[in-house]
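Going down the list, the sequences are from chains A and B.
So in our numbering, spot 73 of the first sequence is number 79, and the numbers just go up one at a time.
So in our numbering, spot 55 of the second sequence is number 265, and the numbers just go up one at a time.
All residues carry an ideal CB built from backbone N, CA and C; glycine is no exception.
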Amino acid sequence: MRAFLLAAAFVILAPVVQAAVVNGLPWGGPDLVLIGVVALAPMTRHGALLGFAAGLAADIAPPADHTIGRHALVLCLAGWFLARIPSETPAGFGLAARAGRPRRAGLRSAPPPVRAAPVALVAVLLDALLAVLLGDEPRDPVLASLPGSLAWTVLGAVAVSAVISLLPWRRPSSRRRLWGRHA
Amino acid sequence: MRTFGRRVPVLLVLLSIVLIATDRWVSLTSLRAFGSAVFGSLESAASSAARWPADTGRIESLERENARLRAALLARNDEQHKRDKGDKSDKSPEDGYRVVPAHTIGFGRDQTVTIDVGSAAGVARDMTVFDSDGLIGRVVQAGPATATVQLVTSPSASVGARLAGSREAGMVEGGVAKGGPDRGLLRLSLLNPEASVQVGDDVVTLGSPNLRPYVPGVPIGSVVSVEAASGGLTRTALVRPFARFTALDLVTVVLGPETTPKSSAPKSPEPKSPEPKDDKTKGDKR
Numbered sequence: 007m008r009a010f011l012l013a014a015a016f017v018i019l020a021p022v023v024q025a026a027v028v029n030g031l032p033w034g035g036p037d038l039v040l041i042g043v044v045a046l047a048p049m050t051r052h053g054a055l056l057g058f059a060a061g062l063a064a065d066i067a068p069p070a071d072h073t074i075g076r077h078a079l080v081l082c083l084a085g086w087f088l089a090r091i092p093s094e095t096p097a098g099f100g101l102a103a104r105a106g107r108p109r110r111a112g113l114r115s116a117p118p119p120v121r122a123a124p125v126a127l128v129a130v131l132l133d134a135l136l137a138v139l140l141g142d143e144p145r146d147p148v149l150a151s152l153p154g155s156l157a158w159t160v161l162g163a164v165a166v167s168a169v170i171s172l173l174p175w176r177r178p179s180s181r182r183r184l185w186g187r188h189a
Numbered sequence: 211m212r213t214f215g216r217r218v219p220v221l222l223v224l225l226s227i228v229l230i231a232t233d234r235w236v237s238l239t240s241l242r243a244f245g246s247a248v249f250g251s252l253e254s255a256a257s258s259a260a261r262w263p264a265d266t267g268r269i270e271s272l273e274r275e276n277a278r279l280r281a282a283l284l285a286r287n288d289e290q291h292k293r294d295k296g297d298k299s300d301k302s303p304e305d306g307y308r309v310v311p312a313h314t315i316g317f318g319r320d321q322t323v324t325i326d327v328g329s330a331a332g333v334a335r336d337m338t339v340f341d342s343d344g345l346i347g348r349v350v351q352a353g354p355a356t357a358t359v360q361l362v363t364s365p366s367a368s369v370g371a372r373l374a375g376s377r378e379a380g381m382v383e384g385g386v387a388k389g390g391p392d393r394g395l396l397r398l399s400l401l402n403p404e405a406s407v408q409v410g411d412d413v414v415t416l417g418s419p420n421l422r423p424y425v426p427g428v429p430i431g432s433v434v435s436v437e438a439a440s441g442g443l444t445r446t447a448l449v450r451p452f453a454r455f456t457a458l459d460l461v462t463v464v465l466g467p468e469t470t471p472k473s474s475a476p477k478s479p480e481p482k483s484p485e486p487k488d489d490k491t492k493g494d495k496r
């Protein structure tokens, strides 16, 4: 329940804070929604749902003017990917864990901040690619803003994941069970 | 439940793709209106809370500023009207405009901002937005309580413009140089390749039929550098916009021409009906 409330609050508030505060900063800023999905998805099995909801919220929250579904698609994939890699797979965790095992054995055993970085990187790149392909933005401005947004978002994702993984959420024995059950 | 880990994500990915495809062909305006109602209201509330300490005692000065802005716009249009009497592109400048003030409450990553008025206040797509410094942009979406404004600095923005002095017409486009010292500048392309343009010349909007998307005579910026004439079809120059897009606060949205000279219309809540006819007929309608 706690995880669900956290996720719901995140989905509703992140686009608002992004639009009202972060995007108004003169020196640029991170993509809070993406960072939040990357940081929260490993805590739940329903990362794809979390990513989809957060992405859709970011798609429709004003002043977004791009194709609806773009962030939803990117973040759904990111959340799915991260949620499918449980930090230590308990026996019989589910189909998801087994399906994810063979290809990503190296990433799977890495701590959350290390896993967050490549996912955030790929998500930003995929979003930029989709923005150009869907005609939301011309190519040159996207390319020009890419280094800045990559730096902000990848570093932010690593930092937030690190903080979340260091926080004493639960005793280690009960943690996996609780987070696996609730979304 | 065991298959949740695979089936639901696949469905969600498919749903995202369906959303993208749908929004490409038929714009999902209802979904955007929902977003405006939910997230726009939250942005509005957050912005009001942040403004609250500064707002006490500020309303009066804002009202005064607003009145001054309207007067300035009126005077400018009057002046312009006198100068080009034969020019039929200008609409009823002597009437002034119905305007509504708004606050900037959210910023987008792609050169858009949210303002805290929407279709409930009569705002609709393709209306001019400006502030006390100059042109801001045009409304690209109007939700129930908020609207999205595309800034003139957006790469996809293009505004019909003219030089304030020589009346040479052209086009101003955003997204010139993304980084470096030229960041935030606009490119002016004059239709006449032999037009004389100097650093410091002011650029104003040309105006569109029916006042949409841009009303005539709103200051855009001043020329900061003239690009060497290369025998092309147009003459180009870089323009620094007057508006400070990083510090937007109070802006004005032009709803349309003033329907009756006496009624100051901003408080009338009914949505503006588009007037395809020339403004000369409006006296008869009343």
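- Of the candidates Thr358/B, Arg348/B, Ala352/B and Ala355/B, Arg348/B places its Cα closest to the Cα of glycine 370/B.
- Annotated as distal: glycine 375/B and proline 147/A, with beta-carbon spacing of 8 angstroms or more.
- Looking only at Leu221/B, Arg217/B, Thr456/B and Val218/B, the smallest Cα-Cα distance to aspartate 341/B is reached by Thr456/B.
- As the crow flies, the alpha-carbon of arginine 445/B is around 58 angstroms from that of serine 171/A.
- Taking one beta carbon from each stretch, the region 77 to 87 of chain A and the region 237 to 255 of chain B have fewer than 3 pairs nearer than 8 angstroms; the two do not touch.
- Three or more Cβ pairs drawn from the region 53 to 60 of chain A and the region 7 to 22 of chain A lie within less than 8 angstroms of each other, which places the two stretches in contact.
- In the displayed model, histidine 77/A falls within a helix according to three-state DSSP.
- Here DSSP, grouped into helix, strand and coil, assigns serine 406/B to coil.
- Relative to the Cα of glycine 245/B, the nearest Cα in the group Pro69/A, Pro48/A, Leu161/A and Leu46/A belongs to Pro69/A.
- Along the region 234 to 265 of chain B, going in chain order, the ones with a CB nearer than 7 angstroms to a CB of chain A are Arg234, Leu238, Leu241, Arg242, Phe244, Gly245, Ser246, Phe249, Gly250, Leu252, Glu253, Ala256 and Ser257.
- Between alanine 89/A and alanine 134/A, the CB-CB gap reaches or exceeds 8 angstroms.
- As a beta-bridge residue in DSSP terms, histidine 313/B pairs with Leu460/B.
- Alanine 122/A is positioned such that its CB atom lies closer than 8 angstroms to that of valine 164/A.
- The alpha-carbon of isoleucine 74/A is positioned some 35 angstroms away from that of valine 413/B.
- Here the region 401 to 416 of chain B makes contact with the region 427 to 438 of chain B; the two share three or more CB pairs at distances below 8 angstroms.
- Closest option to valine 339/B, judged by alpha-carbon separation, among Pro403/B, Gly353/B and His313/B: His313/B.
- Annotated as distal: valine 23/A and leucine 11/A, with beta-carbon spacing of 8 angstroms or more.
- No Cβ of chain A is located within less than 8 angstroms of the beta carbon of leucine 460/B.
- As the crow flies, the alpha-carbon of glycine 344/B is around 10 angstroms from that of valine 461/B.
- Runs of the beta strand (DSSP E) lying entirely within the region 332 to 397 of chain B and spanning at least 3 residues, in chain order: 338 to 340, 345 to 352, 357 to 361, 368 to 373 and 379 to 383.
- If you ignore the 5 residues before and after phenylalanine 317/B, its C-beta comes within less than 7 angstroms of the C-beta of Val323, all in its own chain and listed in chain order.
- For phenylalanine 10/A, not one C-beta of chain B is nearer than 8 angstroms to its own C-beta.
- Proximity of threonine 444/B to chain A, defined by a Cβ-Cβ separation below 8 angstroms, is not satisfied.
- Using beta-carbon distances, serine 406/B does not count as an interface residue toward chain A, since no partner is under 8 angstroms.
- Burial state of aspartate 65/A is buried, judged by a 10 Å Cβ sphere holding 16 or more other Cβ atoms.
- When C-alpha distances from alanine 168/A are compared across Ala45/A, Leu127/A and His77/A, the shortest belongs to Ala45/A.
- Taking a contact as a CB-CB distance under 8 angstroms, the pair leucine 398/B and alanine 447/B counts as one, their CB atoms being some 5 angstroms apart.
- Looking at Thr358/B, Asp336/B and Val309/B, the one whose alpha-carbon comes closest to that of aspartate 326/B is Thr358/B.
- Between leucine 396/B and glutamate 378/B, the gap from beta carbon to beta carbon reaches 8 angstroms or more.
- Listed in chain order, the positions of the region 13 to 27 of chain A with a beta carbon within less than 9 angstroms of a beta carbon of chain B are Ile18, Leu19, Pro21, Val22, Val23, Gln24, Ala25, Ala26 and Val27.
- The three-state secondary structure of glycine 427/B, taken from DSSP, is coil.
- Look at glycine 380/B: its C-beta is not under 8 angstroms from any C-beta on chain A.
- The Cβ atoms of arginine 308/B and glycine 427/B lie no closer than 8 angstroms to each other.
- Each of Ala126/A, Trp33/A, Gly154/A and Val80/A was checked against the Cα of leucine 136/A, and the nearest Cα belongs to Val80/A.
- For a Cβ distance threshold of 9 angstroms, residue set Gly75 and Leu79 of chain A lies close to isoleucine 227/B, ordered along the chain.
- Proximity of chain B to aspartate 133/A at the Cβ level (cut-off 8 angstroms) is not reached, the minimal Cβ distance being about 10 angstroms.
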